[in-house]
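In order, the protein sequences belong to chains A and B. For the first sequence, my numbering begins at 1490 and goes up steadily by one. For the second sequence, my numbering begins at 404 and goes up steadily by one. Idealized CB from N, CA, C, for every residue including glycine. Since this is a predicted model, take the numbers as computed values, not measurements. The structure appears right after this line, and notes come after that.
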Amino acid sequence: MNNINDEMLNKFIDKELNAEQIRIIDEAIKNSPELKSRYLALVNADSVLRKMNFESVTPDFTKSVLQRIQRRKLLAKQQKHFLFAVISLLGIITLGIVVYLFYQIISLASPESDKIVTTYSKDLGDYFSNLFGKKNISIFGSVLSFIMLVSSYFLYEYQKKSKNNFNH
Amino acid sequence: MKDLSDIEIIESVLKGNTADYTVIVDRYKNKSFTMLKRMLRNEFDAEEVLMDCFMKAYNNLASFKFESKFSTWFYKIVYNTALTKLSGIKRKVENEMQSIDDLDYLVSKYSAEDYNKKELSEIINKIINELPEKNAAVITMFYLEEMSIEEISQVLNISVSNVKVILHRSRNLLKDIIQKRNLLKEIL
């Protein structure tokens, strides 16, 4: 009966054996005190493990998780608004540059077209002309670069976070 | 809400009812905390990692495919985050040295006279707390979470037979200690 090892006894406890194997082990346990002792010790190990208790987290754990989720949602909303503001600003600047270039092209192509351009659009053109003139162009360049740098940083962070979330 | 299944709660959370996520948290917090505490052997780290796990699960709920059980998916996050934490604190190297074949040191340790007066449950808890992280995870998932061997194999990403080997060796370890310390009479 010594050929019945712990592995077989484990399978016997887990009911993984067929009827014939169960009968053989049952008989062996009855006839061998050594095997019976081993079997009982294993059964007891199993029952002690089944009686294990849960450990408890701190009482306000659930509340903390919910608070963290809400903070995160708020942060995501703020980031979204910031990105929208940056993109809008970039859009306005780009539109301004396009209008300015368009005005310059029209003015150079046909000086008489001034007559077609209404006073309002002429004023608008002058305004953009002054805005992107030699004086202000360096300031605009710096602001634009700064905005692009900040946006790139946030986009990079956002991508990194998304990648991390994806990996987990 | 508490009677609803995990899937129903997740669907509700995905519809925007964030507060419903607390039901999931309440349902799994103590079970996974027990597993993490046994793996990390530190209460503070276990709670911190658990918080991260719930955040990760929440952030990735949209990517949860309803093909598997939520518990299997969630414990996968818990187990992998615990391993990342362990590797971060350099404890993993130490634990890896204790392979699943090398549990004899625990048998000799807890068969010693010094532990004679201690209660069996106390000894068992001490032993489980000293098991290598994979064994501790298997024992906790099988006995406390009552997960099937197949589910555990999915969580740990190992074969079903490997899970059985880990489970049987952990059980054999306790059996040896019970036999060597003559605790059988005490239990019976």
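- Nearest C-alpha to Glu450 of chain B among B:Ile552, B:Lys479 and B:Thr437: B:Thr437.
- In this structure the stretch 466–478 of chain B touches the stretch 547–555 of chain B; the number of beta carbon pairs closer than 8 angstroms is three or more.
- Identification of chain B residues near Met1541 of chain A by a Cβ-Cβ cut-off of 9 angstroms yields Thr437, Ser524, Ile527, Asn528, Ile531, Ile542, Thr543, Tyr546 and Leu547, ordered along the chain.
- Using a 10 angstroms sphere on the CB of Tyr1642 of chain A, the tally of other CB atoms stays under 16, which defines it as exposed.
- With its beta carbon at least 7 angstroms from every one in chain A, Leu464 of chain B lies outside the interface.
- Bounds of the alpha helix (DSSP H) holding Thr437 of chain B are Tyr424 to Leu443.
- In the displayed model, Gly419 of chain B falls within coil according to three-state DSSP, outside both helix and strand.
- Here Gly1614 of chain A has Tyr1592 as same chain residues with Cβ atoms under 6 angstroms from its own Cβ, once five neighbours each way along the sequence are excluded.
- At a cut-off of 7 angstroms between beta carbons, Phe1643 of chain A makes no contact with chain B.
- Ranked by Cα distance from Gln557 of chain B, the first of B:Val541, B:His571 and B:Glu446 is B:Val541.
- In this structure, Ile427 of chain B lies near Ile412 of chain B, with their beta-carbon atoms less than 7 angstroms apart.
- Look at Tyr431 of chain B: its C-beta is not under 7 angstroms from any C-beta on chain A.
- Going by DSSP, Phe1543 of chain A is part of no alpha helix (DSSP H) at all; its letter is neither H nor E.
- Look at Leu577 of chain B: its C-beta is under 7 angstroms from a C-beta on chain A.
- Rounded to the nearest whole angstrom, the CA to CA distance from Leu489 of chain B to Phe1550 of chain A is 22 angstroms.
- When only Cα atoms are considered, Glu554 of chain B and Lys468 of chain B end up about 16 angstroms apart.
- Taking the Cα positions, Ile1514 of chain A is about 22 angstroms away from Ser564 of chain B.
- Taking a C-beta distance under 7 angstroms as the contact criterion, Arg441 of chain B and Asn532 of chain B qualify as a contact pair.
- The three-state reading of DSSP puts Pro535 of chain B in coil, since its state is none of H, G, I, E or B.
- If you look at Leu489 of chain B, you'll find it in the alpha helix (DSSP H) that goes Phe473 to Gly491.
- Put simply, the backbone Cα of Ile1558 of chain A is about 12 angstroms away from that of Asn420 of chain B.
- Around the CB of Val1587 of chain A, fewer than 16 other CB atoms lie within 10 Å, so the residue is classed as exposed.
- Here Lys1566 of chain A is exposed. Its C-beta has fewer than 16 other C-beta atoms within 10 Å.
- Across the set A:Asn1494, A:Pro1548 and A:Met1541, the C-alpha of A:Asn1494 shows the shortest separation from the C-alpha of Lys1525 of chain A.
- Residue burial annotation: Lys1650 of chain A is exposed, with fewer than 16 other C-beta atoms found within 10 angstroms of its C-beta.
- Inter-residue distance for Gln1556 of chain A and Met454 of chain B is about 11 angstroms (C-alpha atoms, whole angstroms).
- Glu414 of chain B is outside the set of residues whose beta carbon lies under 7 angstroms from a beta carbon in chain A.
- The shortest C-alpha to C-alpha distance from Leu1538 of chain A to any of B:Thr487, B:Leu486, B:Thr543 and B:Leu534 is the one to B:Thr543.
- Asn1492 of chain A sits in coil when the DSSP states are folded into three classes, being neither helix nor strand.
- DSSP places Glu1505 of chain A outside both helix and strand once states are collapsed to three, so it counts as coil.
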